[in-house]
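> What follows is a structure written as structure tokens; I'll ask about it next.
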Amino acid sequence: MRTGTFLYILGWFLVFFSVTLFFPGLVSYIYHEPVQPFIYSEAITLIVGVLLIFLVKPEREIGYREGFAVVVFSWLAAGIFGALPFVFSGHLGLVDALFESVSGFTTTGSTVFDSLEELPRGLHFWRALSQWLGGMGIIVLSLAILPLLGIGGMQLYQAEMPGLTKDKLTPRIQDTARILWGVYSFFTVFEVLLLLAGGLDLYEALCHAFTTMATGGFSTRTASVAAFDSAYLDYVITFFMFVAGVNFSLHYRFLKGDLGAYFKSEEFKFYLLIGLAAVFICMFFNYIYGTYSNPSLNFRYSLFQVWSIMTTTGYGTADFDLWHPACKLLLLILMFFGGMAGSTGGGVKQIRFLILFKFIRFQFRKLIHPKAVEIIRYEDKKVAESIIQAILGFMALYGLFFVVASLLVCAQGIDIITATSAVAATLNNIGPGLAMVGPTKNFGWMPDFSKLVLTFCMLAGRLELYTVAILFTRSYWRGARKPTWRF
């Protein structure tokens, strides 16, 4: 573990991060709001970053240990320094500010605010921008625009990108990062234009496009997207939530002319099938039990909420906590499915469930035909046993995180449905849960300890558990080198 290299890269990350604080400050200036919270936050972040760069002497090599450390501590630093505007503006205390900031950068969308309409526009824009930056990955963005002074970046990319597969579209990782962010930006601009056509002003359109493409779910309204009461906007946002839940390498191939790119992907077909099946199940129960007697409203709200939850966006157009228990259970299950690997969505990821189901079928076939030679295939290729072991191990670790975090939250006197759904919502980076953290409520009332547990869940879920968990092992830090100081 080369501690000096890790601290040096972290310093450059903070310098880059300080630049992002300029934009919400500009929004505050345009709307004649106090800009001091952003000026102070930017100055502190820049000073800390510059000090790390000039005080620490780096080594030119970076391994996977340094990669894991840089990724985890960069996200943690983003959460800490990103919380400063909330603190300096006087709107939140330290724990609440950290919760809100980490919720933004991990694209979770859980909030502690009771009334969002009372917030200044600069803070709203910062909430939206933090989700947009976190959506494709802050480190991937850093790799796209910073050469890191010749220090290799593949380890950072591998440690941060969500999902089982990390498509490397070009030989150079910086070029891959630029391509991914280019596609991400293209869809963001496209959505902004469609939202403008639906009657939103530029500010509202930007904020909601940022948080849709990031599958984040922060809104400028307390009632979320429901506040606009527009079928057009619901369908536009539903489409882009669906797009954001798809592997971005497929988008790139489609835009390059491979018109069949999506349906060549087995994971995409599985993602589409699960989503559509869930929509029709919700429509069935909502109609049979009289939740929505109007078929068009039933379709509109069921479609929106299923894709909002499964892609881990977390927007709301309906209070699904009032739906039939079967619908609520289905939505809770969809929280764990998440988006495709390589998308901005959270959750376990569709590809893991797809291969898990193939493995279960394989086991049944082995029981029936014990002498038959069977292999598990994914897109006509044999799935290596190491991948299956990795998926089973990941599922076990996911279950362990979920159980332990739920127990810790329940220990604070919070009811089981609220506690377990809050953990599911934060660990899978969804946003709203059920009961006291449902779509019309918030997390502000929770004890500080529970908020810290859920903040850790957000970070661990966004970084695929292992990236965070490995830092708590003794063997990871064994032999760590002390940083070499320049002075």
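6 is the number of the first residue of the sequence shown in the numbering used here; add one for each residue after it. Idealized CB from N, CA, C, for every residue including glycine. Keep in mind the model is a prediction, meaning the values are calculated, not measured.
1. Below 8 Å on the Cβ atoms is my guess for SER348 versus ALA249; work out the distance and round it to an integer in Å.
2. Using a Cβ-Cβ cutoff of less than 7 Å, which residues in the same chain neighbour TYR403 once the five nearest sequence positions on both sides are dropped?
3. Going by DSSP in three states, VAL117 sits in which element: helix, strand or coil?
4. Identify whether TYR383 lies in helix, strand or coil by the three-state DSSP scheme.
5. Go ahead and pull the three-state DSSP assignment for LYS62.
6. Tell me which residues share the same chain as PHE268 and place their Cβ nearer than 8 Å to its Cβ, disregarding the 5 neighbours each side in the sequence.
7. Taking the C-alpha atoms as reference points, what is the distance between ASN291 and TRP328?
8. How many Å lie between MET141 and ILE373 at the Cα?
9. Have a look at VAL388 and ILE381 and give me their C-alpha separation to the nearest angstrom.
10. For ASN299, count neighbouring C-beta atoms within 10 Å of its own C-beta (all shown protein chains included) and say buried if the count is 16 or more, exposed if not.
11. Could you check where the alpha helix (DSSP H) with LYS274 kicks off and where it finishes?
12. Taking buried to mean at least 16 other C-beta atoms within 10 Å of its own C-beta, is LEU420 buried or exposed?
13. Specify, as a first and last residue, the run of the alpha helix (DSSP H) that GLN136 falls within.
14. Curious, which full-length alpha helix (DSSP H) runs of at least 4 residues does the segment 438-467 contain?
15. Evaluate the contact criterion for the segment 325-344 versus the segment 224-235: three or more CB pairs, one atom per stretch, below 8 Å.
16. Is VAL75 helix, strand or coil by DSSP?
17. Could you check which residue in LYS386, GLY344, ILE293 and TYR294 has the C-alpha nearest to that of VAL311?
18. Mark SER480 as exposed unless 16 or more other C-beta atoms lie within 10 angstroms of its C-beta, in which case mark it buried.
19. Is the segment 450-470 close to the segment 357-370, with three or more CB pairs under 8 Å?
20. Does the Cβ-Cβ distance between LEU336 and ILE314 come in under 8 Å?
21. Among the residues of its own chain, which have a CB less than 6 Å from the CB of GLY30, if the five just before and after it don't count?
22. Kindly indicate which three-state DSSP category ALA149 falls into: helix, strand or coil?
23. Below 7 Å CB to CB, which residues in the same chain sit around PHE73 once its five sequence neighbours on both sides are set aside?
24. Under DSSP, the alpha helix (DSSP H) around VAL3 begins and ends at which residues?
25. Tell me the rounded alpha-carbon separation between ASP263 and VAL251.
26. Within 10 angstroms of its Cβ, does PHE285 collect 16 or more other Cβ (buried), or is it exposed?
27. So, with DSSP's three-state summary, where would you put VAL378?
28. Which term fits LYS456, buried or exposed, when burial requires 16 or more other beta carbons within 10 angstroms of its beta carbon?
29. Per DSSP, what kind of secondary structure is PHE27 in: helix, strand or coil?
30. From this set, VAL55, SER46, THR318 and GLY295, which residue's C-alpha is nearest ILE13's C-alpha?
31. Specify, as a first and last residue, the run of the alpha helix (DSSP H) that GLY109 falls within.
32. Would you say PHE367 and ILE279 are within 8 Å of each other, going by their C-beta atoms?
33. Can you name the start and end residues of the alpha helix (DSSP H) that ILE338 belongs to?
34. Going by alpha carbons, who is nearest to LEU198 out of GLY295, GLY351 and CYS212?
35. Where does ARG305 fall in DSSP's three states?
A quick look at the data gives this:
1. 6 Å
2. VAL353 and LEU470
3. DSSP, read as helix, strand or coil, puts VAL117 in coil.
4. strand
5. strand
6. LYS274
7. 7 Å
8. 44 Å
9. 6 Å
10. Exposed.
11. That run of the alpha helix (DSSP H) goes 271-293.
12. A quick correction: the sequence has Asp, not Leu, at residue 420. When all chains shown are included, ASP420 counts as exposed.
13. 126-141
14. 453-467
15. no
16. helix
17. GLY344
18. exposed
19. no
20. yes
21. VAL40 and PHE43
22. The predicted position of ALA149 is uncertain, since its pLDDT is 48 and thus under 50; a value taken from the coordinates is nonetheless stated next. Here ALA149 sits in helix by DSSP.
23. ALA164, THR472, ILE475 and LEU476
24. Past the edges of the chain, shown from 6 to 492, lies residue 3, and the structure says nothing about it.
25. 15 Å
26. exposed
27. coil
28. By the 10 Å Cβ count, LYS456 comes out buried.
29. helix
30. For the sequence presented, residue 13 should be read as Tyr rather than Ile. Closest by alpha carbon: VAL55.
31. 99-110
32. For the pair PHE367 and ILE279, the CB atoms are not nearer than the 8 Å cut-off.
33. 330-342
34. CYS212
35. The answer is helix: DSSP assigns ARG305 an H, G or I state.
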